[in-house]
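In the working numbering, the protein residues as written are 666 to 988.
Positions of the beta carbon are idealized from the N, C-alpha and C atoms, including for glycine.
Presented below is the structure to which this report refers.
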(Lines of atoms letter the chains of each structure in order from A and count residues from 1; the text may use other names and numbers.)
(Lines give C-alpha, C1' and ligand atoms only; values in the text may rest on other atoms or scores of the structure.)
Protein backbone atom coordinates (compact mmCIF):
# COMPACT_ATOMS: atom_id res chain seq x y z
CA UNK A 1 0.00 0.00 0.00
CA UNK A 2 1.31 3.45 -0.94
CA UNK A 3 1.95 5.90 1.87
CA UNK A 4 -0.50 8.79 2.21
CA UNK A 5 0.07 12.51 2.80
CA UNK A 6 -2.91 14.64 3.80
CA UNK A 7 -3.85 17.76 5.71
CA UNK A 8 -6.09 15.98 8.23
CA UNK A 9 -6.18 12.32 9.20
CA UNK A 10 -9.40 11.20 10.88
CA UNK A 11 -9.30 8.00 12.93
CA UNK A 12 -12.82 6.59 13.02
CA UNK A 13 -15.47 6.46 10.28
CA UNK A 14 -18.60 6.66 12.42
CA UNK A 15 -21.03 9.62 12.27
CA UNK A 16 -18.62 12.06 13.93
CA UNK A 17 -15.73 11.00 11.69
CA UNK A 18 -17.81 11.24 8.51
CA UNK A 19 -19.09 14.69 9.45
CA UNK A 20 -15.51 15.72 10.28
CA UNK A 21 -14.45 14.62 6.79
CA UNK A 22 -17.15 16.80 5.22
CA UNK A 23 -16.22 19.76 7.39
CA UNK A 24 -12.52 19.40 6.63
CA UNK A 25 -13.38 19.55 2.93
CA UNK A 26 -15.53 22.61 3.58
CA UNK A 27 -12.44 24.21 5.12
CA UNK A 28 -10.44 23.34 2.00
CA UNK A 29 -8.38 20.58 3.59
CA UNK A 30 -7.42 17.25 2.07
CA UNK A 31 -8.58 14.44 4.32
CA UNK A 32 -7.98 10.73 4.91
CA UNK A 33 -10.14 8.49 7.12
CA UNK A 34 -8.97 5.24 8.72
CA UNK A 35 -11.23 2.70 10.43
CA UNK A 36 -10.72 -0.83 11.71
CA UNK A 37 -14.12 -1.89 10.34
CA UNK A 38 -14.49 -2.78 6.63
CA UNK A 39 -17.51 -0.49 6.15
CA UNK A 40 -18.29 3.17 6.83
CA UNK A 41 -20.65 4.10 9.64
CA UNK A 42 -18.95 2.72 12.76
CA UNK A 43 -21.19 1.17 15.41
CA UNK A 44 -24.36 2.14 13.54
CA UNK A 45 -23.46 0.06 10.50
CA UNK A 46 -22.06 -2.80 12.57
CA UNK A 47 -24.71 -3.01 15.26
CA UNK A 48 -28.00 -1.25 14.55
CA UNK A 49 -28.49 -0.03 10.96
CA UNK A 50 -32.27 -0.53 11.25
CA UNK A 51 -32.59 1.31 14.56
CA UNK A 52 -34.54 4.56 14.62
CA UNK A 53 -32.28 7.40 15.81
CA UNK A 54 -34.15 10.22 17.51
CA UNK A 55 -31.54 12.78 18.61
CA UNK A 56 -30.27 14.17 15.28
CA UNK A 57 -31.41 17.75 14.64
CA UNK A 58 -33.85 18.09 11.74
CA UNK A 59 -34.90 14.42 11.76
CA UNK A 60 -37.76 13.46 14.11
CA UNK A 61 -36.70 9.87 13.40
CA UNK A 62 -34.14 8.46 10.99
CA UNK A 63 -32.93 4.91 10.47
CA UNK A 64 -29.27 4.32 11.25
CA UNK A 65 -28.49 3.18 7.70
CA UNK A 66 -30.19 6.26 6.23
CA UNK A 67 -28.21 8.57 8.51
CA UNK A 68 -24.95 6.89 7.47
CA UNK A 69 -25.93 7.07 3.79
CA UNK A 70 -26.50 10.83 4.12
CA UNK A 71 -23.24 11.36 6.00
CA UNK A 72 -21.28 9.38 3.40
CA UNK A 73 -22.80 11.46 0.60
CA UNK A 74 -22.00 14.66 2.49
CA UNK A 75 -18.43 13.54 3.18
CA UNK A 76 -17.96 12.69 -0.50
CA UNK A 77 -17.80 16.43 -1.23
CA UNK A 78 -14.38 16.38 0.46
CA UNK A 79 -13.11 13.51 -1.75
CA UNK A 80 -11.70 11.69 1.28
CA UNK A 81 -9.17 8.88 1.04
CA UNK A 82 -10.71 5.94 2.92
CA UNK A 83 -8.37 3.44 4.59
CA UNK A 84 -10.83 0.82 5.85
CA UNK A 85 -10.27 -2.49 7.61
CA UNK A 86 -7.06 -1.04 9.00
CA UNK A 87 -6.01 0.04 12.47
CA UNK A 88 -3.78 2.91 13.56
CA UNK A 89 -0.85 1.52 15.54
CA UNK A 90 1.91 4.08 16.12
CA UNK A 91 2.21 7.86 16.22
CA UNK A 92 5.31 9.95 15.52
CA UNK A 93 5.63 13.72 15.68
CA UNK A 94 7.56 15.65 13.03
CA UNK A 95 8.41 19.35 13.05
CA UNK A 96 5.12 20.35 11.44
CA UNK A 97 3.31 17.05 10.98
CA UNK A 98 2.18 13.81 12.59
CA UNK A 99 2.79 10.37 11.07
CA UNK A 100 0.50 7.47 11.89
CA UNK A 101 1.48 3.93 10.90
CA UNK A 102 -1.33 1.47 10.19
CA UNK A 103 -1.31 -2.25 10.90
CA UNK A 104 -0.71 -3.04 7.21
CA UNK A 105 2.42 -0.88 7.19
CA UNK A 106 0.88 2.16 5.50
CA UNK A 107 2.28 5.45 6.81
CA UNK A 108 -0.05 8.44 6.83
CA UNK A 109 1.56 11.85 7.31
CA UNK A 110 -0.84 14.64 8.23
CA UNK A 111 -0.78 18.21 9.43
CA UNK A 112 -3.12 17.16 12.23
CA UNK A 113 -4.92 14.06 13.51
CA UNK A 114 -8.53 13.94 14.69
CA UNK A 115 -9.55 10.90 16.74
CA UNK A 116 -13.27 10.11 16.34
CA UNK A 117 -13.14 6.41 17.09
CA UNK A 118 -16.07 6.33 19.53
CA UNK A 119 -15.49 3.57 22.06
CA UNK A 120 -12.65 2.17 19.97
CA UNK A 121 -12.68 -1.43 18.81
CA UNK A 122 -15.50 -3.34 20.43
CA UNK A 123 -16.43 -6.94 21.01
CA UNK A 124 -19.71 -8.26 22.44
CA UNK A 125 -19.92 -9.55 25.98
CA UNK A 126 -20.41 -13.32 25.82
CA UNK A 127 -23.49 -15.18 26.98
CA UNK A 128 -22.17 -17.96 29.28
CA UNK A 129 -24.75 -20.46 28.01
CA UNK A 130 -24.19 -19.49 24.40
CA UNK A 131 -20.89 -21.22 23.61
CA UNK A 132 -20.87 -22.56 20.04
CA UNK A 133 -24.33 -21.16 19.23
CA UNK A 134 -23.30 -18.09 17.22
CA UNK A 135 -24.63 -18.54 13.70
CA UNK A 136 -26.88 -21.40 14.84
CA UNK A 137 -29.65 -19.19 16.16
CA UNK A 138 -27.72 -16.87 18.48
CA UNK A 139 -26.47 -13.45 17.42
CA UNK A 140 -25.13 -10.41 19.24
CA UNK A 141 -26.45 -7.73 16.85
CA UNK A 142 -29.53 -7.31 14.67
CA UNK A 143 -28.45 -5.68 11.40
CA UNK A 144 -31.71 -6.71 9.69
CA UNK A 145 -35.16 -7.57 11.02
CA UNK A 146 -36.28 -9.75 8.09
CA UNK A 147 -34.52 -12.98 9.23
CA UNK A 148 -36.63 -12.91 12.43
CA UNK A 149 -39.99 -12.87 10.68
CA UNK A 150 -42.33 -15.51 12.11
CA UNK A 151 -39.81 -16.76 14.68
CA UNK A 152 -39.93 -17.09 18.45
CA UNK A 153 -37.18 -14.74 19.62
CA UNK A 154 -35.50 -14.47 23.01
CA UNK A 155 -33.55 -11.28 23.78
CA UNK A 156 -31.16 -11.20 26.74
CA UNK A 157 -30.32 -7.84 28.29
CA UNK A 158 -31.78 -4.75 29.92
CA UNK A 159 -30.11 -1.89 28.07
CA UNK A 160 -31.04 0.29 25.12
CA UNK A 161 -30.10 -2.28 22.47
CA UNK A 162 -32.15 -5.04 24.11
CA UNK A 163 -35.27 -2.88 24.35
CA UNK A 164 -34.80 -1.25 20.94
CA UNK A 165 -34.58 -4.67 19.30
CA UNK A 166 -37.53 -5.97 21.32
CA UNK A 167 -39.61 -3.01 20.17
CA UNK A 168 -38.62 -3.40 16.51
CA UNK A 169 -38.91 -7.19 16.38
CA UNK A 170 -42.28 -7.39 18.15
CA UNK A 171 -44.35 -6.70 15.00
CA UNK A 172 -42.11 -8.95 12.89
CA UNK A 173 -41.53 -12.03 15.04
CA UNK A 174 -44.05 -14.67 16.11
CA UNK A 175 -43.17 -13.93 19.75
CA UNK A 176 -40.54 -11.96 21.67
CA UNK A 177 -39.36 -12.76 25.20
CA UNK A 178 -36.95 -10.38 26.92
CA UNK A 179 -34.86 -11.83 29.77
CA UNK A 180 -32.95 -9.64 32.23
CA UNK A 181 -31.02 -10.57 35.35
CA UNK A 182 -32.48 -7.67 37.38
CA UNK A 183 -35.87 -5.99 37.67
CA UNK A 184 -34.44 -2.55 36.82
CA UNK A 185 -33.46 -1.53 33.29
CA UNK A 186 -30.79 0.75 31.83
CA UNK A 187 -32.79 1.52 28.70
CA UNK A 188 -34.53 4.81 27.93
CA UNK A 189 -37.75 5.11 29.96
CA UNK A 190 -39.91 5.78 26.90
CA UNK A 191 -38.68 2.63 25.14
CA UNK A 192 -39.18 0.54 28.29
CA UNK A 193 -42.75 1.81 28.58
CA UNK A 194 -43.46 1.01 24.92
CA UNK A 195 -42.13 -2.54 25.26
CA UNK A 196 -44.09 -3.11 28.48
CA UNK A 197 -47.25 -2.00 26.64
CA UNK A 198 -46.57 -4.40 23.75
CA UNK A 199 -46.94 -8.17 23.43
CA UNK A 200 -43.31 -8.71 24.48
CA UNK A 201 -43.00 -10.94 27.55
CA UNK A 202 -40.48 -9.50 30.02
CA UNK A 203 -38.88 -11.97 32.44
CA UNK A 204 -36.85 -10.33 35.20
CA UNK A 205 -34.49 -11.61 37.90
CA UNK A 206 -33.67 -14.31 35.41
CA UNK A 207 -30.90 -15.74 33.28
CA UNK A 208 -30.69 -17.90 30.18
CA UNK A 209 -29.04 -21.07 31.47
CA UNK A 210 -29.15 -23.35 28.43
CA UNK A 211 -29.68 -23.35 24.68
CA UNK A 212 -30.88 -26.54 23.03
CA UNK A 213 -31.35 -27.89 19.53
CA UNK A 214 -29.65 -30.01 16.93
CA UNK A 215 -28.13 -28.10 13.99
CA UNK A 216 -30.07 -24.94 14.95
CA UNK A 217 -31.57 -23.43 18.09
CA UNK A 218 -34.93 -24.91 19.08
CA UNK A 219 -35.48 -23.98 22.73
CA UNK A 220 -34.09 -21.84 25.53
CA UNK A 221 -34.00 -22.60 29.23
CA UNK A 222 -34.72 -19.61 31.48
CA UNK A 223 -33.95 -19.75 35.20
CA UNK A 224 -35.81 -17.28 37.40
CA UNK A 225 -34.51 -16.64 40.91
CA UNK A 226 -36.23 -18.97 43.37
CA UNK A 227 -38.20 -20.86 40.73
CA UNK A 228 -37.82 -24.00 38.67
CA UNK A 229 -36.24 -23.38 35.24
CA UNK A 230 -38.73 -22.96 32.40
CA UNK A 231 -38.20 -23.85 28.75
CA UNK A 232 -39.52 -21.72 25.87
CA UNK A 233 -39.54 -22.42 22.15
CA UNK A 234 -37.05 -20.22 20.34
CA UNK A 235 -35.48 -20.28 16.91
CA UNK A 236 -33.48 -17.11 17.54
CA UNK A 237 -31.70 -15.56 20.52
CA UNK A 238 -30.13 -12.10 20.65
CA UNK A 239 -27.50 -11.64 23.38
CA UNK A 240 -27.68 -7.88 23.92
CA UNK A 241 -25.32 -7.81 26.88
CA UNK A 242 -23.28 -4.82 25.79
CA UNK A 243 -19.73 -4.90 24.58
CA UNK A 244 -16.16 -4.60 25.75
CA UNK A 245 -14.42 -1.50 24.41
CA UNK A 246 -10.73 -1.31 23.65
CA UNK A 247 -8.91 1.84 22.54
CA UNK A 248 -6.13 -0.40 21.29
CA UNK A 249 -2.76 1.09 20.37
CA UNK A 250 -4.09 4.63 20.88
CA UNK A 251 -3.66 4.04 24.61
CA UNK A 252 0.10 3.77 24.07
CA UNK A 253 0.48 7.20 22.45
CA UNK A 254 0.72 9.16 25.67
CA UNK A 255 -2.76 10.66 25.55
CA UNK A 256 -4.32 11.74 28.82
CA UNK A 257 -7.37 9.51 29.30
CA UNK A 258 -10.13 9.16 31.86
CA UNK A 259 -11.95 5.82 32.06
CA UNK A 260 -11.02 4.91 28.47
CA UNK A 261 -11.96 8.33 27.13
CA UNK A 262 -9.56 10.94 25.76
CA UNK A 263 -9.45 14.20 27.72
CA UNK A 264 -9.81 17.33 25.57
CA UNK A 265 -10.08 21.07 26.13
CA UNK A 266 -12.77 23.40 24.74
CA UNK A 267 -11.01 23.43 21.34
CA UNK A 268 -11.08 19.60 21.24
CA UNK A 269 -7.28 19.56 21.66
CA UNK A 270 -5.71 16.60 23.43
CA UNK A 271 -2.50 16.91 25.44
CA UNK A 272 -0.47 15.90 22.35
CA UNK A 273 0.54 18.49 19.71
CA UNK A 274 -1.55 18.37 16.52
CA UNK A 275 -3.82 15.66 17.92
CA UNK A 276 -7.51 16.46 18.41
CA UNK A 277 -10.49 14.31 19.38
CA UNK A 278 -14.28 14.54 18.99
CA UNK A 279 -17.38 12.44 19.62
CA UNK A 280 -17.98 9.66 22.12
CA UNK A 281 -14.27 9.08 22.73
CA UNK A 282 -13.82 12.49 24.35
CA UNK A 283 -14.16 13.49 27.98
CA UNK A 284 -14.46 16.90 29.64
CA UNK A 285 -16.62 18.32 32.46
CA UNK A 286 -20.29 18.14 31.52
CA UNK A 287 -19.74 15.82 28.54
CA UNK A 288 -22.93 14.40 27.00
CA UNK A 289 -22.49 11.44 24.63
CA UNK A 290 -24.95 11.98 21.81
CA UNK A 291 -24.48 11.85 18.03
CA UNK A 292 -25.72 15.45 17.90
CA UNK A 293 -22.98 16.54 20.32
CA UNK A 294 -20.38 14.71 18.24
CA UNK A 295 -21.31 16.75 15.17
CA UNK A 296 -20.71 20.00 17.04
CA UNK A 297 -17.42 18.76 18.45
CA UNK A 298 -16.35 17.72 14.94
CA UNK A 299 -16.80 21.27 13.65
CA UNK A 300 -14.97 22.69 16.66
CA UNK A 301 -12.08 20.25 16.24
CA UNK A 302 -11.73 20.78 12.48
CA UNK A 303 -11.83 24.57 12.76
CA UNK A 304 -9.13 24.57 15.42
CA UNK A 305 -7.08 22.00 13.53
CA UNK A 306 -7.23 24.29 10.49
CA UNK A 307 -5.27 26.95 12.39
CA UNK A 308 -2.76 24.37 13.60
CA UNK A 309 -2.17 23.20 10.02
CA UNK A 310 -2.12 26.74 8.57
CA UNK A 311 -1.44 29.48 11.15
CA UNK A 312 -2.74 32.10 8.70
CA UNK A 313 -6.18 30.49 8.72
CA UNK A 314 -9.03 31.65 10.95
CA UNK A 315 -10.78 29.48 13.51
CA UNK A 316 -14.19 30.74 12.39
CA UNK A 317 -14.65 29.98 8.69
CA UNK A 318 -17.83 31.92 8.13
CA UNK A 319 -21.22 30.33 7.74
CA UNK A 320 -21.67 27.31 5.50
CA UNK A 321 -25.14 28.37 4.34
CA UNK A 322 -25.46 29.91 0.90
CA UNK A 323 -26.17 33.58 0.41
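Extent of the continuous beta strand (DSSP E) to which residue i belongs
i           : result
residue 772 : 772-780
residue 886 : 882-889
residue 674 : 669-676
residue 878 : 871-878
Boundaries (first-last residue) of the alpha helix (DSSP H) holding residue i
i           : result
residue 828 : 825-834
residue 973 : 956-974
residue 867 : Premise fails: residue 867 lies in the beta strand (DSSP E), 866-868, not in any alpha helix (DSSP H).
residue 840 : It is not in any alpha helix (DSSP H) - residue 840 instead sits in the beta strand (DSSP E) that spans 840-844.
residue 709 : 707-712
residue 939 : Where residue 939 is concerned, there is no enclosing alpha helix (DSSP H), given that its DSSP letter is neither H nor E.
Distance between residue j and residue i (C-alpha atoms, nearest Å)
i           : j           : result
residue 733 : residue 891 : 46 Å
residue 876 : residue 903 : 12 Å
residue 686 : residue 743 : 7 Å
residue 818 : residue 920 : 43 Å
residue 738 : residue 751 : 22 Å
residue 769 : residue 913 : 15 Å
residue 834 : residue 947 : 33 Å
residue 847 : residue 889 : 10 Å
residue 749 : residue 704 : 7 Å
residue 745 : residue 967 : 14 Å
residue 871 : residue 821 : 10 Å
residue 958 : residue 825 : 19 Å
With 16 other Cβ atoms within 10 Å as the buried cut-off, status of residue i
i            : result
residue 900  : buried
residue 939  : buried
residue 757  : exposed
residue 668  : exposed
residue 874  : exposed
residue 980  : exposed
residue 861  : exposed
residue 1032 : Since the first residue of the chain shown is 666 and the last is 988, residue 1032 is not available in this structure.
residue 845  : buried
residue 864  : exposed
residue 879  : exposed
residue 965  : buried
residue 945  : buried
residue 969  : buried
residue 934  : buried
Identity of the residues DSSP links to residue i by a beta bridge
i           : result
residue 799 : 803
residue 747 : 698
residue 766 : 755, 772
residue 624 : Nothing about residue 624 can be read from this structure; the chain reaches only from 666 to 988.
residue 788 : 909
Residue i CB to nearest heavy atom of the ligand GTP below 8 Å
i           : result
residue 762 : The ligand GTP is not among the ligands present in this structure, which contains no ligands whatsoever.
Any contact between the stretch 892-900 and the stretch 924-944? By contact I mean 3 or more CB pairs, one from each, below 8 Å. no
Count the C-beta pairs between the stretch 775-784 and the stretch 676-684 that are closer than 8 Å, then say yes if the count reaches three, no if not. yes
Determine, using beta-carbon pairs with one atom in the stretch 690-704 and one in the stretch 673-680, whether at least three such pairs fall under 8 Å. yes
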